[in-house]
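When we follow the UniProt record's numbering, the leftmost residue of the sequence shown carries the number 1, and every step to the right adds one.
For every residue, glycine included, the Cβ atom is placed at its ideal position computed from N, Cα and C.
This one's a predicted model, so the numbers in the text were calculated from it and none came from an experiment.
The block underneath contains the structure these notes are about, expressed in structure tokens.
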Amino acid sequence: MAMLSLLATENSVLREHLENAPRISKYTCPDIQNEIIFFSAKQILDGLIDNCKRSVIYALIADESTDVTNNEEISICIRFVDRKEDGKHLISEEFLTFVHADKGSNAEELTTKLLETIQSVIVDTLDQLSEEGDSKARALHASILKWDCIITLVVLQHIFEYTNKLLVCLQNPDLELIQASEEAKTCLSVLNAERNDNAVWEALMEKAIEIASDYGIDPSSPRTAGRQQHHNNVPADTPSAYWKRAMYLPFLDHLVTEINEKLVVPLPGFEAQLLIPGKLGLLTEEKIEVDPCLLR
Numbered sequence: 001m002a003m004l005s006l007l008a009t010e011n012s013v014l015r016e017h018l019e020n021a022p023r024i025s026k027y028t029c030p031d032i033q034n035e036i037i038f039f040s041a042k043q044i045l046d047g048l049i050d051n052c053k054r055s056v057i058y059a060l061i062a063d064e065s066t067d068v069t070n071n072e073e074i075s076i077c078i079r080f081v082d083r084k085e086d087g088k089h090l091i092s093e094e095f096l097t098f099v100h101a102d103k104g105s106n107a108e109e110l111t112t113k114l115l116e117t118i119q120s121v122i123v124d125t126l127d128q129l130s131e132e133g134d135s136k137a138r139a140l141h142a143s144i145l146k147w148d149c150i151i152t153l154v155v156l157q158h159i160f161e162y163t164n165k166l167l168v169c170l171q172n173p174d175l176e177l178i179q180a181s182e183e184a185k186t187c188l189s190v191l192n193a194e195r196n197d198n199a200v201w202e203a204l205m206e207k208a209i210e211i212a213s214d215y216g217i218d219p220s221s222p223r224t225a226g227r228q229q230h231h232n233n234v235p236a237d238t239p240s241a242y243w244k245r246a247m248y249l250p251f252l253d254h255l256v257t258e259i260n261e262k263l264v265v266p267l268p269g270f271e272a273q274l275l276i277p278g279k280l281g282l283l284t285e286e287k288i289e290v291d292p293c294l295l296r
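Okay, structure coming up:
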């Protein structure tokens, strides 16, 4: 009502309605106000959909903040290339929704809420664009609503929860190379432990099945091709066994190998920085014995 009263000071038609309309037809009760807010939000979202429809590039942005009641809220925005009528292209960022972070604001929770928003907003948007005849949206909508896409996103979300901690650490400008290598070892120990824990994979499968069930999608695996050498013919009796062997384990092994080769294997070379005068105090006898080349 406060907002309506403020608008009425500048709008004579609204002021006349609020002052003289019968009480039963003022449309100012809380239920009607909520409905007006809902349809106004839908109209704004439809406008954003039209803008995204004209753009071929977009990205989602998520961030966390605390409201006045000390509850953590996740704001989700969309960033896209907006094509103006004069032919110019501008980068636009538009707010989509707030999501309550009821389980915290760590990397896993932020990703989970982002995936939920993608399901409720992006998928519905693509569905609407498909109905309007947008062939690109139809193809993307069909690709998202497939079991292989869902299980892959769930796996990536889980693994990147751990690598994100390493990524944040590596972005510290004051981080020493030796410390970076030690942080990489910690990350690798966690990834290797999860690789050998079948309960972790079962939990990921259950999560993917729960998400897929909302869209009537059942777990599946590609058919095997007897003579096709380039087909991923992983022996498996169930979709769970197939995706674990064909996607989860190979990706995890590749990631572990890359982190190890880039940050752990070069550790002896990193320790050469201990020869810097300001760091000679860290050069222990043990390191000198292990790496006699440091004395040369």
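Practice item. Check Ser-12 in the structure and name its three-state DSSP category. Key: Position 12 of the sequence shown, counted from the first residue, corresponds to residue 12. DSSP places Ser-12 in helix when its eight states are reduced to three.
> Among Asp-82, Leu-204, Val-264, which has the Cα closest to the Cα of Thr-186?
Replying inline: Taking the sequence shown and counting its residues from 1, one reaches residue 186 at position 186. Looking at the Cα atoms, Val-264 is the closest of the given residues.
In the DSSP output, which residue or residues are listed as bridge partners for Ile-91?
Translated into positions along the sequence shown, residue 91 becomes position 91. Note: Ile-91 sits in a beta bridge opposite Val-81.
- Message: By the DSSP assignment, the alpha helix (DSSP H) with Ser-189 in it spans what residues?
- Response: As a first step, residue 189 must be located in the sequence shown, where it is residue number 189. 177-195 is the span of the alpha helix (DSSP H), which, as asked, contains Ser-189.
Next item on the list: Measuring only between beta-carbons, confirm whether Leu-4 sits less than 7 Å from chain C.
Entry: The structure shown contains no chain C, having only a single protein chain.
In whole angstroms, what separates the C-alpha of Met-247 from that of Ala-203? Residue numbering aside, residue 247 sits at position 247 when the sequence shown is read from its first letter. Residue numbering aside, residue 203 sits at position 203 when the sequence shown is read from its first letter. Roughly 16 Å separates the two Cα atoms.
| query | How would you write the range of the beta strand (DSSP E) that Leu-213 sits in, first residue to last? | reply | Taking the first residue of the sequence shown as position 1, residue 213 is located at position 213. Sequence inspection shows Ser at residue 213; the Leu mentioned does not correspond to that position. From DSSP, Ser-213 is part of no beta strand (DSSP E) but of the alpha helix (DSSP H) over 198-213.
### Query
Would residue 306 be called buried (16 or more neighbouring beta carbons within 10 Å of its own) or exposed?
Past the boundaries of the shown model lies residue 306; the chain is included only from 1 to 296, so the question cannot be answered.
*In this structure, does DSSP put Ile-57 in helix, strand or coil?*
Position 57 of the sequence shown, counted from the start, is the residue given in the question as residue 57. Coil.
Where the alpha helix (DSSP H) through Glu-161 begins and ends:
In the sequence shown, counting from the first residue as 1, residue 161 sits at position 161. 147-170 is the span of the alpha helix (DSSP H), which, as asked, contains Glu-161.
Is it true that the CB of Ser-75 sits closer than 7 Å to the CB of Phe-38?
Counting from 1 along the sequence shown, the entry for residue 38 is found at position 38. Counting from 1 along the sequence shown, the entry for residue 75 is found at position 75. No.
**Prompt:** Between which two residues does the alpha helix (DSSP H) containing Val-256 stretch?
**Reply:** Residue mapping note: residue 256 aligns to position 256 of the sequence shown, counting from 1. First-last of the alpha helix (DSSP H) with Val-256: 249-259.
Would you report the Cα separation of Leu-90 and Ser-189, rounded to the nearest angstrom? Mapped onto the sequence shown, residue 90 falls at position 90. Mapped onto the sequence shown, residue 189 falls at position 189. Here the alpha carbons of Ser-189 and Leu-90 stand approximately 44 Å from one another.
| query | From Leu-294 to Asp-82, what does the alpha carbon distance come to, in whole angstroms? | reply | To locate residue 294, count along the sequence shown from 1; it is residue 294. To locate residue 82, count along the sequence shown from 1; it is residue 82. Below a pLDDT of 50, predicted positions are generally treated as unreliable, and Leu-294, at 47, falls in that range; no measurement from the model is reported.
- Query: Where does Ala-21 fall in DSSP's three states?
  - Reply: Numbered from 1 along the sequence shown, position 21 holds the residue referred to as residue 21. Three-state DSSP puts Ala-21 in coil, outside helix and strand.
> Hey, quick one: how far does the alpha helix (DSSP H) through Pro-239 stretch, first residue to last?
Replying inline: On the sequence shown, residue 239 is found 239 positions in, with the first residue counted as 1. Segment 239-243, the alpha helix (DSSP H) holding Pro-239.
**Span separating the alpha-carbon of Asp-237 from that of Pro-219** = The count along the sequence shown starts at 1 and reaches residue 237 at position 237. The count along the sequence shown starts at 1 and reaches residue 219 at position 219. Answer to the nearest angstrom: the Cα atoms are 13 Å apart.
Given this structure, state the Cα-to-Cα distance separating Thr-9 from Asn-20, to the nearest angstrom.
As a position in the sequence shown, residue 9 is number 9, starting the count at 1. As a position in the sequence shown, residue 20 is number 20, starting the count at 1. Their backbone Cα atoms lie some 15 Å apart in a straight line.
- Query: Whose C-alpha, out of Asn-70, Asn-71, Ala-62, is nearest the C-alpha of Cys-77?
  - Reply: Here residue 77 refers to the residue found at position 77 when the sequence shown is read from its first residue. Selected option, being the one with the closest Cα: Ala-62.
*asked:* Using the three-state DSSP reduction, which class does Asp-127 fall into: helix, strand or coil?
replied: In the sequence shown, residue 127 corresponds to position 127, counting from 1. Here Asp-127 sits in helix by DSSP.
| query | Are there 16 or more other CB atoms within 10 angstroms of the CB of Cys-52, so buried, or fewer, so exposed? | reply | Taking the first residue of the sequence shown as position 1, residue 52 is located at position 52. Buried is the call here.
Just to confirm before moving on: does the CB-CB distance between residue 299 and Lys-207 stay below 7 Å? The structure shown does not extend to residue 299, since the chain is modelled only from 1 to 296, so the question has no answer here.
### Task
Have a look at Pro-239, Asn-11, Ala-184 and flag the residue whose alpha-carbon is nearest the alpha-carbon of Ile-217.
On the sequence shown, position 217 is the one that residue 217 refers to. For Ile-217, the nearest C-alpha among the options comes from Pro-239.
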